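Chemist:
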Amino acid sequence: MWLDVVAAGEHLASSPAGRLVLDAPPVESRLSVIVPTFNEAGNIAELLRQVADVLPPDLPIEVVFVDDSTDDTAEVIAAAADDCPFRVVLMKRPRPIGGLGGAVVEGLRVARAPWAVVMDADLQHPPSLIPTLLGVAETSEVDLVVATRYGEGGSRTGLGSAYRRIVSSASTALSIAALGEPAAQLSDPMSGYFAVRKAALRLDGARPIGYKVLLELVLRSRLTRVAHVPFTFRARHAGRSKSTPREGVRFLRHLLALRQLQRREAAASDATGTRSPIGRLRPARSVPPGGGRAQSDNPGQDVQESLNILVLTSEAPPIVSGISRCVDRLTHGLRARGHRVDVLSSVQIPRVALGEWRFSALALWWPALARRLRDYDVINLHGPVPTMSDVFLALAGTHRRVPIVYTHHSALAIRGLERLCAVYNRLHRRLATRSDLVLATSQHYAASEQVPGGPPTRVVPWGVDIRPLVERPARPGPLRVLFVGQMRTYKGLEFLLPAVAGCPDLVLTLVGDGPRRRTYEETTARLGADNVRFLGRVPDDVLHAEYDASDVVVLPSVTQAEAFGLVVLEGMAAGCVPVVSDLPGVRDVVADAGVVVAPRDAAALRAALVALATDGDHREHLGRLARKRAESLSWDACVDAYEDALLEITRHQTPALQRPGRKAHRRG
Numbered sequence: 001m002w003l004d005v006v007a008a009g010e011h012l013a014s015s016p017a018g019r020l021v022l023d024a025p026p027v028e029s030r031l032s033v034i035v036p037t038f039n040e041a042g043n044i045a046e047l048l049r050q051v052a053d054v055l056p057p058d059l060p061i062e063v064v065f066v067d068d069s070t071d072d073t074a075e076v077i078a079a080a081a082d083d084c085p086f087r088v089v090l091m092k093r094p095r096p097i098g099g100l101g102g103a104v105v106e107g108l109r110v111a112r113a114p115w116a117v118v119m120d121a122d123l124q125h126p127p128s129l130i131p132t133l134l135g136v137a138e139t140s141e142v143d144l145v146v147a148t149r150y151g152e153g154g155s156r157t158g159l160g161s162a163y164r165r166i167v168s169s170a171s172t173a174l175s176i177a178a179l180g181e182p183a184a185q186l187s188d189p190m191s192g193y194f195a196v197r198k199a200a201l202r203l204d205g206a207r208p209i210g211y212k213v214l215l216e217l218v219l220r221s222r223l224t225r226v227a228h229v230p231f232t233f234r235a236r237h238a239g240r241s242k243s244t245p246r247e248g249v250r251f252l253r254h255l256l257a258l259r260q261l262q263r264r265e266a267a268a269s270d271a272t273g274t275r276s277p278i279g280r281l282r283p284a285r286s287v288p289p290g291g292g293r294a295q296s297d298n299p300g301q302d303v304q305e306s307l308n309i310l311v312l313t314s315e316a317p318p319i320v321s322g323i324s325r326c327v328d329r330l331t332h333g334l335r336a337r338g339h340r341v342d343v344l345s346s347v348q349i350p351r352v353a354l355g356e357w358r359f360s361a362l363a364l365w366w367p368a369l370a371r372r373l374r375d376y377d378v379i380n381l382h383g384p385v386p387t388m389s390d391v392f393l394a395l396a397g398t399h400r401r402v403p404i405v406y407t408h409h410s411a412l413a414i415r416g417l418e419r420l421c422a423v424y425n426r427l428h429r430r431l432a433t434r435s436d437l438v439l440a441t442s443q444h445y446a447a448s449e450q451v452p453g454g455p456p457t458r459v460v461p462w463g464v465d466i467r468p469l470v471e472r473p474a475r476p477g478p479l480r481v482l483f484v485g486q487m488r489t490y491k492g493l494e495f496l497l498p499a500v501a502g503c504p505d506l507v508l509t510l511v512g513d514g515p516r517r518r519t520y521e522e523t524t525a526r527l528g529a530d531n532v533r534f535l536g537r538v539p540d541d542v543l544h545a546e547y548d549a550s551d552v553v554v555l556p557s558v559t560q561a562e563a564f565g566l567v568v569l570e571g572m573a574a575g576c577v578p579v580v581s582d583l584p585g586v587r588d589v590v591a592d593a594g595v596v597v598a599p600r601d602a603a604a605l606r607a608a609l610v611a612l613a614t615d616g617d618h619r620e621h622l623g624r625l626a627r628k629r630a631e632s633l634s635w636d637a638c639v640d641a642y643e644d645a646l647l648e649i650t651r652h653q654t655p656a657l658q659r660p661g662r663k664a665h666r667r668g
């Protein structure tokens, strides 16, 4: 196999077995994998083996090692290259200028492919994620795809000690505070695992210091089109961490240098009368069809205003969650109706994760955000999120310049902190009176949010896509039970797994991922539950096929953190019988079309499932009711209700708050 040997600053030449050939013909690559190394001899062979295992053999790639080692790592790379089905590039730097960051920049300079994946050699960055990074990179209109430890489904278990976790969180917060939006747009600005479009890079002025090169590339190259992919940061395969107090000092120096770069950019922008994109707060922005004006040739349609709407939410794509999906469908629906919708979420304003706890940095961003609010006709705020929605209500609610429509998803519910949550929910209810209208997804939550003298409340349930119903042929065998959702504590899988384990009448399929997946897999193995299978996160077509093949969709959640149960509604649309916990919101979705059981009761859950398995007529009857119930809850109806609410609130503004220049559009 080809081994390319190059010194820093030289051009690459292809050669077999490490012999330098100056005029070898170029070989096209679709992907370059950049791996900086410093004394990683014990990891090289396993790294290359895993890369070869996860990538298709016909995918043309190259792996570029930039080596600063003082041991025999370079010799190990040369020997391991003989067994690789792809080109291996070895660059040996005489001086490790810039540390790991400098090595990455040198590797990017010699990379031949249009996309480069940067990763560490110690296998804390799993090579199995490379196909996902490349897939997102090639199918999305982005220049950077960041592997994040903090998104839904991500984990930083490989950090090990609490000290390293604290240092990581503090470094993230410090980066955001110092650099603003360029760091805030990254859910994991400290990540060293990412894919980047080489054509988008400006490497001439790159001056990295130490091991955090991502921020350098983002600022120097002004990368703003970013996607995120969650991953689990694993334990090292071999060797010890290179993180030391000295590296911490280098990180601070690097951060200071980048901050000075921002100031120079800002000064240059002021001198030329232009605005620099470095350091601006930029929501995910959209322009509706027709450049902001929805047009119609039908004179019989009602003329409506075209609004500038800001949606403020904790979760939006690329974050994977029920709230994110609902926000995505809502914003797309409003845009299709001619409105301009910007989305501001933790994708732009980051949050620090400490286990299951997440803290938004919105308070730090308030001055920048407050200046932008008057650009909008109305704000749709989603909550409750104490450090995001509540902070916004506390600060923006006093200004009353732009009306606020508050979408209340659920009460705050954290196991073990029930009393504290009860106090918070009462305080939050008062704070929500600073909005102009409260929308809730169920009658229960609408009633709970009503306050004498407060804003009106309205019930607007989320919707579902109604696909053609797939007939389930009668066949003997166990009841096919489907769970879809994040694998987190409040989902109640610790009660579902023993309810199903060992029961010959039931088979359970679990779709989804999350920080507790490994724990649940271990529980399944301990129970000897060979009737349980884990699929992980799947694309929509696979998910639809699972709905169509299942008899029951189950949601055993244990707290009111389960606000609505969108996946239950999707299963009902496919004719699945819903079996859910007796929780506000969820039971309103099911109504009389399913089975409701007490939370945290594995025996009751098992009995309900077995009863459906043994009574086919009742199961078919409930399946028909479930489909009929789902048909009454469409996304079009949901978006229409939101549009009506937003238009109504803007019309009821006082004259002093009315702003000229709104465009009209016709609604049919």
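According to the UniProt record's numbering, numbering within the sequence shown proceeds without interruption in unit steps and concludes at 668. We put the CB at the ideal spot given by N, CA and C, even for glycine. Here the structure is a predicted model, which is why all the values come from computation and not from measurement.
Quick one: what does DSSP say W115 is sitting in, helix, strand or coil?
Modeler: strand
Chemist: Buried or exposed: which applies to S410, given that a residue is buried once 16 or more other Cβ atoms fall within 10 Å of its Cβ?
Modeler: buried
Chemist: Just mark P16 as buried or exposed, buried being the case when its beta carbon has 16 or more other beta carbons within 10 Å.
Modeler: Interpretation of P16 is limited by its pLDDT of 36, a score under 50 that renders its predicted location unreliable; no figure is taken from the coordinates.
Chemist: On a Cα-Cα basis, can you pick out the residue from S187, F231 and A413 that is closest to Q124?
Modeler: F231
Chemist: Can you look up H544 in the DSSP assignment and give me helix, strand or coil?
Modeler: For H544, the three-state secondary structure derived from DSSP is helix.
Chemist: So, under 8 angstroms CB-CB, L412 and P384 are touching, yes? Tell me the CB distance rounded to an integer number of Å.
Modeler: Going by Cβ atoms, the distance from L412 to P384 rounds to 6 angstroms, so yes, they are a contact pair.
Chemist: Under DSSP, the alpha helix (DSSP H) around A79 begins and ends at which residues?
Modeler: T73 to A80
Chemist: Are the CB atoms of V580 and R619 within a distance shorter than 7 angstroms?
Modeler: no
Chemist: Short of 7 angstroms in beta carbon distance, which residues of its chain neighbour L155, apart from the five on each side in sequence? Order them along the chain.
Modeler: As written in the sequence, residue 155 is Ser, which differs from the Leu given in the question. If we look at S155 and ignore the five residues flanking it on each side, its Cβ neighbours are R149, T232, F233 and P515.
Chemist: Looking at C-alpha atoms only, which residue of L609, L633 and V63 is the closest neighbour of L622?
Modeler: L609
Chemist: Ignore the nearest five residues each way along the sequence and tell me which others in V218's own chain have a CB closer than 6 angstroms to its CB.
Modeler: P182
Chemist: What does DSSP give as the partner residue(s) for R197 in the beta ladder?
Modeler: W115
Chemist: Put S155 into one of helix, strand or coil per three-state DSSP.
Modeler: strand
Chemist: Going along the chain, which residues of its own chain have a beta-carbon closer than 6 angstroms to the beta-carbon of residue 744, five neighbours each way excluded?
Modeler: There is simply no residue 744 to check, as the chain begins at 1 and stops at 668 in what is shown.
Chemist: Quick check on V639: does DSSP put it in helix, strand or coil?
Modeler: helix
Chemist: Which of the three DSSP states is assigned to R537 in this structure?
Modeler: coil
Chemist: The beta strand (DSSP E) with A184 in it runs from where to where?
Modeler: Not the beta strand (DSSP E): A184 falls in the alpha helix (DSSP H), residues E181 to A184.
Chemist: Let me check one thing: in DSSP terms, what residues is L31 bridge-paired to?
Modeler: DSSP output for L31 lists I61 and W115 as bridge partner(s).
Chemist: Could you pull out every unbroken alpha helix (DSSP H) segment of at least 4 residues lying fully inside the segment 332-411, listed in chain order?
Modeler: Listed in chain order, they are 362-373 and 391-396.
Chemist: How about L437 and A645: are their beta carbons less than 7 angstroms apart?
Modeler: A distance below 7 angstroms separates the beta carbons of L437 and A645.
Chemist: Tell me the DSSP bridge mates of H228?
Modeler: V146
Chemist: Taking only the alpha-carbon atoms, compute the straight-line gap between D640 and S632 and give it to the nearest angstrom.
Modeler: For D640 and S632, the distance between alpha carbons rounds to 14 angstroms.
Chemist: Under three-state DSSP, which class holds S140?
Modeler: It is coil, neither helix nor strand.
Chemist: Classify G565 as buried or exposed, calling it buried when 16 or more other Cβ atoms lie within 10 Å of its own Cβ.
Modeler: buried
Chemist: Suppose contacts are defined by Cβ-Cβ distances below 7 angstroms. Is V451 in contact with T433 by that definition?
Modeler: yes
Chemist: Could you tell me the alpha carbon to alpha carbon distance between residue 750 and H444, rounded to whole angstroms?
Modeler: Any answer about residue 750 is impossible in this case: the structure gives the chain only from 1 up to 668.
Chemist: Rounded to whole angstroms, how far is the Cβ of V229 from the Cβ of L134, which I believe are closer than 8 angstroms?
Modeler: Wrong, their Cβ atoms sit about 10 angstroms apart, outside the cutoff.
Chemist: Taking only three categories from DSSP, how would you classify V558?
Modeler: V558: coil per DSSP, three-state reduction.
Chemist: Specify the secondary structure class of V423 as computed by DSSP and reduced to three states.
Modeler: helix
Chemist: Taking the straight line between their C-alpha atoms, what separation do you get for D204 and R263?
Modeler: Their backbone Cα atoms lie some 19 angstroms apart in a straight line.
Chemist: In terms of residues, what are the limits of the alpha helix (DSSP H) holding R606?
Modeler: A602 to T614
Chemist: Measure how close the beta-carbons of L482 and G571 come, nearest whole angstrom, since I'm counting them as under 8 angstroms.
Modeler: 7 angstroms
Chemist: Take the Cβ of P599 as the centre, count every other Cβ of all protein chains shown within 10 Å, and call the residue buried at 16 or more, exposed below.
Modeler: By the neighbour-count definition (other C-beta atoms within 10 Å, threshold 16), P599 is a buried residue.
Chemist: Residue 709 by DSSP, collapsed to three states: which one?
Modeler: Because the chain spans 1 through 668 in this model, residue 709 falls outside it and cannot be assessed.
Chemist: Could you check the C-alpha separation between I649 and V460 for me, to the nearest Å?
Modeler: Answer to the nearest angstrom: the Cα atoms are 15 angstroms apart.
Chemist: Please name the residue or residues paired with P578 in a DSSP beta bridge.
Modeler: Per DSSP, V553.
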